[in-house]
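In the UniProt record's numbering, the protein residues as written are 1 to 176. Built from N, CA and C at the ideal position, the CB exists for glycine as well. Working notes, beginning with the structure itself.
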Amino acid sequence: MNTPEPKDPQSEVVGLIAQHQSRLRGFLRSLLTGHDDVDDLLQEVNMVLWKKAGDFEIGTDFWAWSSQVARFKVMERIRKYSRDRLVFDESFILEIADLASERSAGFDDERSALRGCLERLPPAQRTLLEMRYTQNLAIGRIAQEMSRPSGSIRQTLYRIRGLLMQCIESRLGTQE
């Protein structure tokens, strides 16, 4: 019987960093006002996480660890630029960071529920959603490509959004 070889902790942390990128970006965006700063700071956070990968204990809460690193980088950035601009004090930033951290956990659940609900849709409905929201095609363009009236496309999208909302609420257990 073959037992799987233990994963290299460094590569496992790299995978966790990649998995948490959107959540970390949203967390940083909630704490900083400039979007340019967010991407720069995210790269700095990634570097610290990668360099300190040996400090992370595999199997523990990666989000708690990575968001703490992100908080420290935000505080460092605020101290650095506080002379040049109007900035919030540290206690306010930490309070906002706590709120952002709590909220981001809910977003992961909602995103997961949405993925599951999208998978349950018939292919034609998924294609319509992809055309509208992934490819950002206008309703008129979609109607032309599908040889259907614009009103029909609008109505179908409305119904699909309603179905998705019901499905998500059901999966999250928040349906009233």
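task = Return the residue from the list I168, G162, G140 that minimises the CA-CA distance to S152.
result = Comparing Cα-Cα distances from S152 to each of I168, G162, G140, the minimum goes to G140.
key: Unbroken alpha helix (DSSP H) run spanning T156, endpoints   = 150-172
query = By Cβ distance below 6 Å, which residues in the same chain neighbour R29 in space, the five residues on each side in sequence not counted?
reply = V38
message = Let's see if you can read the secondary structure: which residues bound the alpha helix (DSSP H) around Q135?
response = Here Q135 belongs to no alpha helix (DSSP H), and DSSP marks it neither H nor E.
Length of the line joining the Cα atoms of C55 and K73 = First, the amino acid is wrong: residue 55 is Asp here, not Cys. Cα-Cα distance, rounded: 17 Å.
task = Report all residues from its chain with a CB closer than 8 Å to the CB of A113; omit the five preceding and five following residues, and keep chain order.
result = C167, I168, R171, L172
query = In three-state DSSP terms, what is P122?
reply = coil
ask   = What separation, rounded to the nearest whole angstrom, lies between the Cα atoms of W50 and T134?
value = 32 Å
query = Could you check where the alpha helix (DSSP H) with I17 kicks off and where it finishes?
reply = 9-19
inquiry  = Helix, strand or coil, according to DSSP, for G26 in the structure here?
reply    = helix
key: DSSP three-state assignment for K52, whether helix, strand or coil   = coil
Euclidean distance between Cα positions of F27 and E95 = If you take the alpha carbons of F27 and E95, they lie about 13 Å apart.
task = Can you grab the Cα-Cα spacing for the pair N149 / Q125, in whole Å?
result = The sequence given here places Pro at residue 149; Asn does not occur at that position. Approximately 16 Å, taken between the alpha carbons.
request  = Pick out whichever of S22, Q10, A18, I17 has its Cα sitting closest to the Cα of F107.
outcome  = S22
message = Helix, strand or coil, according to DSSP, for L128 in the structure here?
response = Helix, per DSSP.
request  = Mark N46 as exposed unless 16 or more other C-beta atoms lie within 10 angstroms of its C-beta, in which case mark it buried.
outcome  = buried
inquiry  = According to DSSP, simplified to helix, strand and coil, what is D108?
reply    = helix
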